[in-house]
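One line per chain: the protein sequences are A, B, C and D, in this order.
Throughout, the numbering used here is defined as the position within the first sequence, counted from one, plus 39.
Throughout, the numbering used here is defined as the position within the second sequence, counted from one, plus 39.
Throughout, the numbering used here is defined as the position within the third sequence, counted from one, plus 39.
Throughout, the numbering used here is defined as the position within the fourth sequence, counted from one, plus 39.
Ideal placement from N, C-alpha and C gives every residue a C-beta, glycine not left out.
This one's a predicted model, so the numbers in the text were calculated from it and none came from an experiment.
Number of protein chains: 4
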Amino acid sequence: MNLKLGVIGTGAIGREHIRRCSHVLQGAEVVAVSDINLDGARNAVESLALNAEAYANGMDVINAPDVEAILVTSWDPTHEAFTLAAVAAGKYLFCEKPLAMSAEGCRRIVEAEIAQGKRLVQVGFMRPYDSGYRALKKVIDEGAIGEVLMLHCAHRNQSVAENYTTEMAITNTLIHELDVLRWLTDDDYKTVQVVYPRTTSKAHAKLKDPQIVLFETHKGIRIDVEIFVNCAYGYDIQCEVVGEEGIARLPEPSSIQLRKDARLANTILTDWKDRFIEAYDVELQAFINDVKADRLTGPSAWDGFAASVAADACLKAQQSSAIEPVSMPLRPAFYYR
Amino acid sequence: MNLKLGVIGTGAIGREHIRRCSHVLQGAEVVAVSDINLDGARNAVESLALNAEAYANGMDVINAPDVEAILVTSWDPTHEAFTLAAVAAGKYLFCEKPLAMSAEGCRRIVEAEIAQGKRLVQVGFMRPYDSGYRALKKVIDEGAIGEVLMLHCAHRNQSVAENYTTEMAITNTLIHELDVLRWLTDDDYKTVQVVYPRTTSKAHAKLKDPQIVLFETHKGIRIDVEIFVNCAYGYDIQCEVVGEEGIARLPEPSSIQLRKDARLANTILTDWKDRFIEAYDVELQAFINDVKADRLTGPSAWDGFAASVAADACLKAQQSSAIEPVSMPLRPAFYYR
Amino acid sequence: MNLKLGVIGTGAIGREHIRRCSHVLQGAEVVAVSDINLDGARNAVESLALNAEAYANGMDVINAPDVEAILVTSWDPTHEAFTLAAVAAGKYLFCEKPLAMSAEGCRRIVEAEIAQGKRLVQVGFMRPYDSGYRALKKVIDEGAIGEVLMLHCAHRNQSVAENYTTEMAITNTLIHELDVLRWLTDDDYKTVQVVYPRTTSKAHAKLKDPQIVLFETHKGIRIDVEIFVNCAYGYDIQCEVVGEEGIARLPEPSSIQLRKDARLANTILTDWKDRFIEAYDVELQAFINDVKADRLTGPSAWDGFAASVAADACLKAQQSSAIEPVSMPLRPAFYYR
Amino acid sequence: MNLKLGVIGTGAIGREHIRRCSHVLQGAEVVAVSDINLDGARNAVESLALNAEAYANGMDVINAPDVEAILVTSWDPTHEAFTLAAVAAGKYLFCEKPLAMSAEGCRRIVEAEIAQGKRLVQVGFMRPYDSGYRALKKVIDEGAIGEVLMLHCAHRNQSVAENYTTEMAITNTLIHELDVLRWLTDDDYKTVQVVYPRTTSKAHAKLKDPQIVLFETHKGIRIDVEIFVNCAYGYDIQCEVVGEEGIARLPEPSSIQLRKDARLANTILTDWKDRFIEAYDVELQAFINDVKADRLTGPSAWDGFAASVAADACLKAQQSSAIEPVSMPLRPAFYYR
């Protein structure tokens, strides 16, 4: 009784998810794939030894009668249309971020989903499935540190390519914090401010790096996130939660402690893919299980919308250097988890 | 094309493995179960929602035509007979430790397997599947610390029941180190000595606790293992490998760092089941994958035999307080991995 | 050839410094003490077994012919006058913070000192004498982390008394960071902003706690300092310096690592006096040595003035919630160290 | 009222102690020095700017009327005679280790001291003055880990010179553990055994390195000490104390935590002199203070004797590979601290 999956988009992430669903996870099989380049889809079927139909059009995947749920890993600008189509078809769908190219697009999905009457969409934010963040949330939710007052966070990449721009620090990098910090605090952003430290000499002309983004939430929590994408030393995600009774910190990734060359050292990862690799497995397994249980519990279309609204405010704050409001409508009852 | 498994013994561990194979791992399904108490087997089928036959006799599981591989999780004294029967039937088998009740029994399995001509047996030592030990072995094998000279290890339990005896420190507790340290060092024990520190007041009359077991290997590596099964503070597995160029240490299990109550603290586990829970998954998934690939790579019957021979020498050393030889025959070429 | 010291003010800190100079440090002796309460001064002489004259008026200490250098540990509002008098008398003086009750008062001292032609005044900022901060500065100055871009700091107290106000978070608590961060970065503050997270329920009515103070320096370094004086868990000073090549962090105070009660824990101090106790010794020994070498190298009147100007801007920023300029005149050549 | 010190031997350690007493510590001054090379003594007086008499014979220092206490930092074989002379003269003496060249020599000092009726001799074991060991002893003595059952220790040097022999691992290296572990556990050694791991390729022909020394104490505590003097990675002193209620570990020396080059690292010292540099100050300051208070509390002649007896047993165990008794007479009441 495997869940029959269709995958739209057989690029790098698409193939990775196909491999995952076919050879790592439990309870699913890929029965249809599509790619705008049909040969790419066919090649995926063959090279991954799938028993699946290859299509040129993602809509055919959505409409294929044997497809029970859809993974969208296609070109970003196509996400919204495929998601709306799946919702219209009443099929479960997992959409890699971004859910849409604008907050407005996300809102259209939210409205379609509410109109349709049932949560069908999960957006691909994987950090809530990371064991470290889960442990951190558990500590918070159990009250071990009391009411949360502040978060000190950092998102650091060893380096980025020439085409990475100042805006991408929000849309490609901070976007993960925008989601996971909402989830961690069970709260929404109220205002945002961006400040620019002196720029590292390792950044190229189009990029201000590092940046610090400062949030105030509705509960009054203050969050600072350092984004530093040419930090040189590694890929490093930090999150420290300061509560009334104590402080909890996201664990460092587990590694061998080495005494060598006059140093007592642990390795820091350099490739972001290694940092959350298990979270991707957990995320998709949870989606498969939830679909089979007919009840989604992961990041919703609303969460995708919220991240998008927050990102827009961050982009405005990058320009204005002022404290910008994050204008979120109230969360509809439909989306309370 | 799921691998069709038969499970002999539906006690706690049996059910845990059935759950794992049915609901966590990939590529297998349980089609037959047995228990000396047939009702127990039937209950397992029902409560775990299996599509499986229930038998009273494990031999029926082995001989069932649809069963492709067998898991043995029955009463320890039955392990040898079931394993020999599976080997005779030419079926793959995963046997929970101990492989047999004596080194002699393990040797019979080794001989039957060699006679049969193909590795069919995997013994349930899960530590080589723990991510921490794997990372440690990787560091060693890559040469990061040079030639290994010494290992300092500890195996600590918070407490044990009244019926736990001095001998069980070897047969139930140290047995895991006996396997994993051979694997880690790619070496065999040459001698063993046991020394007894003053006994903790938390140990009861029949138990000398802690104990320190000292090994010399064929390569000349010295290993000390502290066994302390009423250590009071938690379940704690330590392994420090001293090499010519540096020292590598098994990671502490990942946990949230907490600043609270005038302490900067990480949680130490108290339940041994939490420590290696992921390793059990990895171990069985590897067995499933290896059976499907028709080539076992995990702990072999020889490894079970070697651990048993070493345990016998440890038991003798517990009595004699002398340096006892560990008399292992040379490893047959059949078992080189 | 001990340096002959006069101490003005024999309250708690005065007595502590007298004890230090008499029984811990090298090369000094206390020959005169004063207190507005003459009996207090006499009691100090007696109870600390000094061979010293007791005066009612601090000016008498300054003018006593045998007094070669003065420590001012009297009531804060008297600091400026005593310091000016010592400068006028051409005598070296160590003044506990604050140097004066206002930036204007500090500036008067600076001007008097410049007019007098020689550095005579050291202000009692002890953190640059802490071994941790010194190690941190060494790492920075050696270029190990490249150019400094950001500092993430925290100053946390377990709790404060009812009479502690929102303003005191700047004048009594942040004042130490105001000095040490200038020293660490070899830089001056350009702007400051204060944001208020939700207030801990452990704070009383007159206090907003925690606060976050955000600085930009002339070099463009961004500094955030969390001030949290009812953090409940301990006294904790954090300082993380983010550079182009890496990140350096102030060491935690050394303590025994304990495995106990299911925790792997280090003690966090609760009393601020324990945190910098060695720094006080080092600070005063350095003052004694520098006076004997006729060349002061510690925190100067200018540093006291700079901290006072920055504190004034912080107080304004507390009120305005706006980004406030820190208007420092250029450092005179006289004060380059 | 400075304590007037005479220093016998103006080699490297002698000069270091002279500098310490003259320029770092409180309450002492060096008034006499001697060296078998009189020019060396004179040079020390001059270069360290002492107001002291220079002698060619250490006995003249002991007998100089203005000398109140003596530091012996001369050639090892002369220690016993100078110590006996100081005891005969009724003067306090601090003798660098070894107190004598044999246990027999130490015993003669013990007997002379008892006959003389008062503790006059302190032997230069500095580890009990190290802040880390003091904190560790405090944790033990407060009962935080309950009764002590085991100690796991290591003494590692980055490398040693060609002339370092297998025996020197005991007499020059382990000698510090022999003292400090007695002090830490308030116990005496009963038996000792030495085992040899495979030898590092970095050791030269005359040296077996590493070695593991195993002790049983009178209380039944088991101690293992790894001695590894070509460990390559740094100077590293480890001490883990396992008690009935928990485990306490000697702190790592404080250092800056650095994130750099894909590593989260702390520096490990490489020069042993840096490791205990503060302990030397504390040790000598304590001696000065104790002499002034007319009551020695530091490592006694008995402690020097005990370490020497234990070292002799270790040397025998190195040869025999058997479990050797450590034959200590009972501690006389005279030496209870």
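Per the coordinates, the alpha-carbon of valine 69 of chain D lies some 42 Å from the alpha-carbon of alanine 120 of chain C. Membership of threonine 230 of chain B in the beta strand (DSSP E) is indicated by the continuous run 228-234. If you draw a straight line from the Cα of arginine 59 of chain A to the Cα of serine 86 of chain A, it is about 14 Å long. Setting aside the 5 residues that flank it on each side, alanine 318 of chain D is surrounded in the same chain by Met165, Arg166, Tyr168, Asp169, each with a C-beta closer than 7 Å to its C-beta; the list follows chain order.
With fewer than 16 other Cβ atoms inside 10 Å of its own Cβ, methionine 40 of chain B counts as exposed. Taking a C-beta cut-off of 9 Å against chain D, the contacting residues of the region 291-311 of chain A are Glu291, Ser294, Leu297, Arg298, Lys299, Asp300, Ala301, Arg302, Leu303, Ala304, Asn305, Thr306, Ile307, Leu308, Thr309, listed in chain order.
In the structure shown, alanine 127 of chain B falls within a helical segment according to DSSP collapsed to helix, strand and coil.
For isoleucine 286 of chain A, the neighbours in chain B by C-beta distance under 8 Å run, in chain order, Leu297, Arg298, Lys299. Taking 3 residues as the shortest admissible run, the region 118-195 of chain B contains the following complete beta strand (DSSP E) segments, listed from N- to C-terminal end: 131-134, 160-162, 187-195. With the rule of 3 Cβ pairs closer than 8 Å, the region 343-352 of chain A does not count as touching the region 180-192 of chain A. When DSSP states are grouped into helix, strand and coil, phenylalanine 254 of chain D belongs to the strand group. The shortest CA-to-CA distance from lysine 177 of chain C to any of C:Leu223, C:Thr306, C:Gly156 is the one to C:Leu223. Lysine 241 of chain A and cysteine 134 of chain A have their C-alpha atoms spaced approximately 34 Å apart. In terms of Cβ geometry, alanine 340 of chain D and cysteine 192 of chain D do not form a close pair [threshold 8 Å].
Within the same chain, and ignoring the five residues on either side of valine 330 of chain C in sequence, the residues whose Cβ sits closer than 8 Å to its Cβ are Leu42, Glu107, Ala108, Tyr131.
Here glycine 273 of chain B carries a coil assignment [DSSP, helix/strand/coil]. Nearest neighbour of glutamate 279 of chain A by Cα position, chosen from A:Ala271, A:Gly273, A:Glu291, turns out to be A:Glu291. Distance between proline 338 of chain C and glycine 171 of chain A, taken at the CA atoms: about 43 Å. Taking a 10 Å sphere around the C-beta of leucine 369 of chain C, we find fewer than 16 other C-beta atoms and assign the residue as exposed. Residues of the region 86-104 of chain C with a C-beta less than 7 Å from any C-beta of chain D: none at all.
Neighbourhood of aspartate 227 of chain C in chain A, by CB distance below 9 Å: empty, with the nearest CB roughly 14 Å away. In this structure, DSSP gives leucine 220 of chain C a helical state, which the three-state scheme calls helix.
The straight-line gap separating the alpha-carbon atoms of tyrosine 272 of chain D and tyrosine 272 of chain A is approximately 22 Å.
Around the beta carbon of isoleucine 47 of chain D, 16 or more other beta carbons lie within 10 angstroms, which makes this residue buried. Within chain A, the residues placing a beta-carbon under 9 Å from that of glycine 273 of chain D are Arg298, Lys299, Asp300, Ala301, Arg302, Leu303, ordered along the chain. In its chain, beyond the 5 residues on either side, Ala340, Trp341, Phe344 have a beta carbon closer than 7 Å to the beta carbon of valine 149 of chain C. Residue range 340-359 is occupied by the alpha helix (DSSP H) that includes aspartate 351 of chain C. In the pairwise beta carbon analysis, the region 355-364 of chain C is classified as not touching the region 81-97 of chain D: fewer than three pairs are separated by under 8 Å. Taken through DSSP and simplified to helix, strand or coil, alanine 372 of chain D comes out as helix. DSSP places leucine 289 of chain D outside any beta strand (DSSP E), giving it a letter other than H or E. No Cβ of chain B is located within less than 8 Å of the beta carbon of isoleucine 276 of chain D. At a Cβ-Cβ threshold of 8 Å, valine 126 of chain A and glycine 45 of chain A do not count as neighbours. The C-beta of phenylalanine 373 of chain C comes no closer than 8 Å to any C-beta of chain A. Per DSSP, serine 73 of chain B lies in no alpha helix (DSSP H) segment; the continuous beta strand (DSSP E) that holds it begins and ends at 67-73. Within the same chain, and ignoring the five residues on either side of asparagine 102 of chain C in sequence, the residues whose Cβ sits closer than 7 Å to its Cβ are Ala128.
If you draw a 10 Å sphere on the C-beta of proline 236 of chain A, you find 16 or more other C-beta atoms in it, and that means buried.
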